[in-house]
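*Asks:* Submitted below is the structure of interest, expressed as structure tokens.
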Amino acid sequence: MNIFVLLKQTFDTEERIVIQNGEISDDGVKYVMNPYDEYAVEEALLQRDRHGGTVTVVSVGPDRTAEALRTALAMGADEAVLIQSDGLETDEYTVSRLLAAYLEKQSYDLILGGNFSVDSGGGQVAVRLARLLDLPHTSSITKLAIDGQKAAVERDAEGDMESLEVALPAVFTAQQGLNEPRYPSLPGIMKAKKKPFHQVTPAELGLENADVASKTQRVSLSLPPKREAGRILQGDYAQQAAELVNLLRNEAKLV
0 MNIFVLLKQT
10 FDTEERIVIQ
20 NGEISDDGVK
30 YVMNPYDEYA
40 VEEALLQRDR
50 HGGTVTVVSV
60 GPDRTAEALR
70 TALAMGADEA
80 VLIQSDGLET
90 DEYTVSRLLA
100 AYLEKQSYDL
110 ILGGNFSVDS
120 GGGQVAVRLA
130 RLLDLPHTSS
140 ITKLAIDGQK
150 AAVERDAEGD
160 MESLEVALPA
170 VFTAQQGLNE
180 PRYPSLPGIM
190 KAKKKPFHQV
200 TPAELGLENA
210 DVASKTQRVS
220 LSLPPKREAG
230 RILQGDYAQQ
240 AAELVNLLRN
250 EAKLV
């Protein structure tokens with residue numbers, strides 16, 4: 000079974016983020032593998048161990064993205080591919096086109112990815128990729144069982160659970176709860192250094208920059224306003240209620 004995992008490197012949301020000139024500053028930013036992609040990598044490894052085959056992790060990004068790919072190799076993936084995007088303004092359209100151009104030349108049985116990325120939260124790449132490759136797609140899966148050329152999946156449907164049977168090959172995106180991602184072990188980290196790591200340019204995929212030009216443009220980016228300190232209302236319940244209404248009307252402008 001040939002399994003491909005779509006991977007994205009994102010900034011660590013637990014770290015302090017600084018915005019300069021409408022962009023997130025790289026100064027002091029820690030980059031990590033998108034947390035939802037960790038579930039996809041783990042599931043790929045579990046399915047490989049059950050059914051045999053290989054796991055290849057693929058990402059579109061600048062040179063620094065190699066760190067996230069090597070983390071996946073240390074977790075147990077067999078091979079990594081970095082599709083270089085240096086000099087490109089990328090959006091979901093760009094990334095899906097580049098991934099499709101690479102994957103259409105590969106032999107695959109299953110493509111996995113995270114449900115969405117914690118930086119942009121678009122959740123579009125896997126859906127677009129499935130359309131470009133003409134593959135079935137199921138999002139937010141929390142269970143996956145493969146039997147021959149079909150897969151039984153359960154997906155989180157806005158709090159409900161939906162069970163589906165899907166013909167393979169297919170594209171699935173992982174939701175929290177699908178599994179518990181492993182940590183890279185020291186032997187895994189050492190082995191990762193010797194595993195195949197390929198770098199591919201858009202030109203090598205037969206694409207010009209104009210073919211993958213971003214369809215969207217970010218016009219602004221800002222952090223949420225700082226939360227103001229709370230206020231303790233004094234007096235009995237009636238006085239507190241009256242003061243609360245006054246604050247909502249005159250300060251918050253909500254009533």
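Numbering (numbering that gives the first Met the number 0), first residue to last: 0 to 254. Heads up, the beta-carbon is just placed ideally off N, CA and C, and yes, glycines get one too. What you are looking at is a predicted structure, and each value in this text was computed from that prediction instead of being measured.
If you follow the beta strand (DSSP E) that residue 247 is part of, which residue opens it and which one closes it?
*Replies:* As a working mapping, residue 247 is identified with position 248 in the sequence shown. Here residue 247 belongs to no beta strand (DSSP E); instead the alpha helix (DSSP H) covers 236 to 249.
*Asks:* With which residues is residue 2 paired in a DSSP beta bridge?
*Replies:* Here residue 2 refers to the residue found at position 3 when the sequence shown is read from its first residue. 54, 109.
*Asks:* Alpha carbon to alpha carbon, how far is residue 161 from residue 230?
*Replies:* The residue you call residue 161 lines up with position 162 of the sequence shown. The residue you call residue 230 lines up with position 231 of the sequence shown. For residue 161 and residue 230, the distance between alpha carbons rounds to 44 angstroms.
*Asks:* DSSP on residue 47, reduced to helix/strand/coil?
*Replies:* Here residue 47 corresponds to residue number 48 of the sequence shown, with the count starting at 1. Reduced to three states, the DSSP call for residue 47 is helix.
*Asks:* Is there a C-beta anywhere in chain B that falls below 9 angstroms from the one on residue 242?
*Replies:* Here there is only one protein chain, and chain B is not present.
*Asks:* Note down the Cα distance separating residue 223 from residue 64, rounded to an integer number of angstroms.
*Replies:* Looking up residue 223 in the sequence shown gives position 224. Looking up residue 64 in the sequence shown gives position 65. Using only the alpha carbons, I get a separation of about 27 angstroms.
*Asks:* DSSP three-state call for residue 231: helix, strand or coil?
*Replies:* Within the sequence shown, residue 231 is the residue found at index 232, counting from 1. Coil, per DSSP.
*Asks:* Jot down the residue ranges of each uninterrupted beta strand (DSSP E) in the segment 108 to 182, minimum 3 residues, whole runs only, in chain order.
*Replies:* 109 to 113, 136 to 146, 149 to 156, 159 to 166, 169 to 173
*Asks:* Are the segment 202 to 217 and the segment 89 to 96 in contact at 8 angstroms, needing three or more beta carbon pairs?
*Replies:* yes
*Asks:* Starting from the C-beta of residue 75, find all residues in its chain whose C-beta is less than 6 angstroms away, skip the five residues before and the five after it, and write them out in chain order.
*Replies:* Here residue 75 corresponds to residue number 76 of the sequence shown, with the count starting at 1. Excluding sequence neighbours, residue 75 sits near 44.
*Asks:* Check whether the Cβ atoms of residue 8 and residue 66 lie closer than 9 angstroms to each other.
*Replies:* Here residue 8 corresponds to residue number 9 of the sequence shown, with the count starting at 1. Here residue 66 corresponds to residue number 67 of the sequence shown, with the count starting at 1. Their beta carbons are under 9 angstroms apart, which means residue 8 touches residue 66 by this criterion.
*Asks:* Counting Cβ pairs closer than 8 angstroms, one from the segment 104 to 116 and one from the segment 30 to 42, do we hit at least three?
*Replies:* yes
*Asks:* Apart from the five residues on each side of it in sequence, which residues of its chain come closer than 7 angstroms, Cβ to Cβ, to residue 243?
*Replies:* Position 244 of the sequence shown, counted from the start, is the residue given in the question as residue 243. Answer for residue 243: 232, listed in chain order.
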